[in-house]
Amino acid sequence: MDLGIKGKRALVCASSKGLGLACATALAEAGVDLVMNARGSEALEAAAADLRGRFGVSIDTVAVDVTSEEGQAKLIEAAQGVDILVNNAGGPPPGMWTDWDRDDFVSALDANMLTPIALMKALVPGMIDKGWGRVVNITSQSVKAPIAVLGLSNSARAGLTGYVAGMSRQVAPNGVCINNLLPGSHSTDRIDGLDTGVAAKSGISFDEARAARQATIPVGHDGNPRDFGATCAFMCSQFAAFMVGQNILLDGGNVNATL
Ligand code: NAP
């Protein structure tokens, strides 16, 4: 299927590995030129070289912390005029409700709410000028159903979701479609880290922790980042022109809800 976005340009944040890389890969396959980002330059340059070689698209790399003001300034400069923005960053650490103080909340809000808002504020005006744009915010299934140990993530992502619900309707008349993509458990370094933490805390092996978690997912396994990337590319395509302010859940049926 031709997504109709060949020759467009996208900023994909936090994209040297995991879900961000999967989104960058699917967009590159659709012929989209990219600005890729991560803090570590080694994996970032390797990922960019791989995608250039496989898909022949042009790729700029910006090795900065997307959650810092200086990092955002560099990214915004490199990404001026992009047609597509995929917001992503690392997730906050797990814990108990008693673990977190004000500074922890400020960090989580900065990373998973205020950073995507800052990038939208900087780059959506250029999309409005062209009369066409797409934004996908990678959030989490925790927006639909809380994951108790991820209280910082639950809070920050719910805040972003509320903001997007309003903003997406304000920019829709200008041809800019903003939506959120909600991952359930996917096979990435992040889920490996969470399973390692559960195993250590519960005195069980990594494999036992993983099997117990996967047994709660109706499909019985974690999601494939490749499929996540393909969904993101569709949400950035010409065919997403009627999708506004939606929260698209990819969780193997894990959230037990009718809607
Ligand atoms: P991952 O496998 O750990 O990959 C994270 C990627 O983001 C890496 O490329 C990393 O590179 C980059 N990154 C992290 N922090 C960054 C920062 N501050 N600035 C720039 N780049 C940064 O994570 P993932 O599984 O793809 O998860 C992506 C997002 O989805 C996270 O917010 C996570 O909480 C959320 N999520 C994931 C799952 C899941 O099952 N995987 C489920 C629900 C929600 P550097 O380390 O070099 O910066």
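For the numbering used here, add 1075 to where a residue sits in the sequence shown, where the first one is 1. Heads up, the beta-carbon is just placed ideally off N, CA and C, and yes, glycines get one too. If you're wondering where the values come from, they're calculated on a predicted model, not measured in any experiment.
message: So, at 6 Å on beta carbons, what are the nonlocal neighbours of residue 1224 in its own chain, with the 5 sequence-adjacent residues on each side left out?
response: 1169
Output yes or no for whether 8 Å exceeds the beta carbon distance between residue 1181 and residue 1243.
no
DSSP three-state call for residue 1111: helix, strand or coil?
-> strand
Sort out for me which residues DSSP pairs residue 1298 with in a bridge.
-> 1261
Member of 1322, 1135, 1259, 1119 whose CA lies at the smallest distance from the CA of residue 1108 = 1135
> Cβ of residue 1281 within 8 Å of Cβ of residue 1274?
Replying inline: yes
Tell me the residue span of the beta strand (DSSP E) that contains residue 1323.
1322 to 1325
Can you find a CB in chain C that lies within less than 8 Å of the CB of residue 1228?
The structure shown contains no chain C; it is built from a single protein chain.
Should the segment 1194 to 1212 be called in touch with the segment 1149 to 1165, which here means at least 3 C-beta pairs below 8 Å? yes
Determine whether the beta carbon atoms of residue 1113 and residue 1153 lie at a separation below 8 Å. no
For this session: With a threshold of 16 other CB atoms inside 10 Å of the CB of residue 1296, please say whether the residue is buried or exposed.
Result: exposed
Name the one or two DSSP bridge partners that residue 1135 has. 1110
From the DSSP output, which residues share a beta bridge with residue 1162?
1212
| Is it a yes or a no for the segment 1251 to 1258 touching the segment 1316 to 1331, going by three-plus beta-carbon pairs under 8 Å? | yes
- Item | For residue 1249, the three-state DSSP class (helix, strand or coil) | helix
Starting from residue 1086 and walking both ways along the beta strand (DSSP E), at which residues does that stretch end? 1084 to 1087
(message) Can you determine whether any heavy atom of the ligand NAP sits closer than 7 Å to the C-beta of residue 1263, and answer yes or no?
(response) yes
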